[in-house]
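Trainee:
Numbering (the working numbering), first residue to last: -14 to 162.
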């Protein structure tokens, strides 16, 4: 009886590994994907409910650091995907938007961008709105008070392939009296 139990337990362990191993390998391949670039988003306080305050040329509310780490390439032309999201509003770069000039990254050398450098990305014609319309925002110019994520993703300028994970900074946007 003891020998039968050991054979059964041994087969059960083999079956477990046969079922679990492909799942583990799949998870490792999905989560193990590396990107050749990294972005860091910084949103500086005080946080304003006015969208224009973040993206006007005079403003320095948003800073973005980009680093390209593939040392096999002399440089790489990129563009950005921007998303501003709360629980009931999403504003993002139009998927077909390509800026007039690429951002050129040199491997290992961080590039700092400010609101002035990013202004083309925030023209209303280059954005898609869900949860509100551009006309609602332009009437009063205010975002609803909420917690927002300001996210940027580095995209290959020509192919549109993601070169980084989204880099987000959160801000609690409230109207100050």
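Here a beta-carbon is modelled for each residue, glycine too, at the ideal position from N, C-alpha and C. Model, not experiment: these values are computed from the prediction.
CB-CB under 6 Å to residue 70, same chain, minus the five flanking residues each way: which ones, in chain order?
Mentor: Looking up residue 70 in the chain shown gives position 85. For residue 70, where only same-chain residues beyond five positions count, the Cβ hits under 6 Å are 134.
Trainee: Can you tell me whether residue 60 is buried or exposed? The criterion is at least 16 other CB atoms within 10 Å of its CB, across all chains shown.
Mentor: Within the chain shown, numbered from 1, the residue matching residue 60 stands at position 75. It counts as exposed.
Trainee: Taking just the CA atoms, how far does residue 140 sit from residue 86?
Mentor: Residue numbering aside, residue 86 sits at position 101 when the chain shown is read from its first letter. Residue numbering aside, residue 140 sits at position 155 when the chain shown is read from its first letter. Near 13 Å, if we compare the C-alpha coordinates of residue 140 and residue 86.
Trainee: Which value, in whole angstroms, describes the spacing of the CA atoms of residue 33 and residue 159?
Mentor: Along the chain shown, read from residue 1 onward, the residue named residue 33 stands at position 48. Along the chain shown, read from residue 1 onward, the residue named residue 159 stands at position 174. Rounded to whole angstroms, residue 33 to residue 159 spans 7 Å at the Cα level.
Trainee: Which residue wins for smallest C-alpha separation from residue 66, given the options 142, 72, 44?
Mentor: Here the question's residue 66 lines up with position 81 in the chain shown. It is 142 whose Cα lies nearest to the Cα of residue 66.
Trainee: Check for me: the beta strand (DSSP E) holding residue 53 runs from which residue to which?
Mentor: By one-based count along the chain shown, residue 53 stands at place 68. 47 to 53 is the span of the beta strand (DSSP E), which, as asked, contains residue 53.
Trainee: Determine the DSSP secondary structure at residue 6, reduced to helix, strand or coil.
Mentor: For the purposes of this step, residue 6 is taken as the residue at position 21 of the chain shown. With a pLDDT of 43 at residue 6, under the threshold of 50, the modelled position of that residue is not reliable, and no figure is offered here.
Trainee: What are the uninterrupted segments assigned as alpha helix (DSSP H) that are 4 or more residues long and contained completely in the region 52 to 139, given in chain order?
Mentor: Scanning the region 52 to 139 for uninterrupted alpha helix (DSSP H) segments of 4 residues or longer gives 100 to 103, 119 to 125, listed from N- to C-terminal end.
Trainee: For residue 35, which three-state DSSP category applies?
Mentor: The count along the chain shown starts at 1 and reaches residue 35 at position 50. Residue 35 sits in a strand when the DSSP states are folded into three classes.
Trainee: Please return the same chain residues whose Cβ sits closer than 6 Å to the Cβ of residue 157, not counting the five positions on each side in sequence.
Mentor: Within the chain shown, residue 157 is the residue found at index 172, counting from 1. The answer, listed in chain order, is 132.
Trainee: Near residue 151, what residues of its chain come up, given a Cβ to Cβ distance below 6 Å and the 5 sequence neighbours on each side ignored?
Mentor: For the purposes of this step, residue 151 is identified with residue 166 of the chain shown, where counting begins at 1. Closer than 6 Å at Cβ, skipping near neighbours: 136, 138.
Trainee: Excluding the 5 residues flanking residue 44 on each side, which residues of the same chain have their C-beta closer than 7 Å to its C-beta?
Mentor: Locating residue 44 in the chain shown gives position 59, counting from the first residue. Same-chain partners within the cutoff: 38, 100.
Trainee: Give me the Cβ distance between residue 90 and residue 51, rounded to the nearest whole Å; I'm assuming they're in contact under 8 Å.
Mentor: In the chain shown, the residue the question calls residue 90 occupies position 105. In the chain shown, the residue the question calls residue 51 occupies position 66. Yes, residue 90 and residue 51 are in contact; Cβ-Cβ is about 6 Å, under 8 Å.
Trainee: If you drop the 5 nearest sequence neighbours on each side, which residues of the same chain put their C-beta closer than 7 Å to that of residue 149?
Mentor: As a first step, residue 149 must be located in the chain shown, where it is residue number 164. The residues are 20, 22, 23, 24, 138, 139.
Trainee: Tell me whether residue 14 sits in a helix, a strand or coil according to DSSP, three-state version.
Mentor: Locating residue 14 in the chain shown gives position 29, counting from the first residue. The predicted model places residue 14 with a pLDDT of 46, which falls under 50 and marks its position as unreliable; any figure quoted below should be read in that light. In the structure shown, residue 14 adopts helical secondary structure according to DSSP, grouped into three states.
Trainee: Pop quiz: residue 56 and residue 116 are said to be a contact at Cβ under 8 Å. What is the actual Cβ separation, rounded to whole angstroms?
Mentor: Within the chain shown, numbered from 1, the residue matching residue 56 stands at position 71. Within the chain shown, numbered from 1, the residue matching residue 116 stands at position 131. Actually they are not in contact, since the Cβ atoms of residue 56 and residue 116 sit about 42 Å apart, beyond 8 Å.
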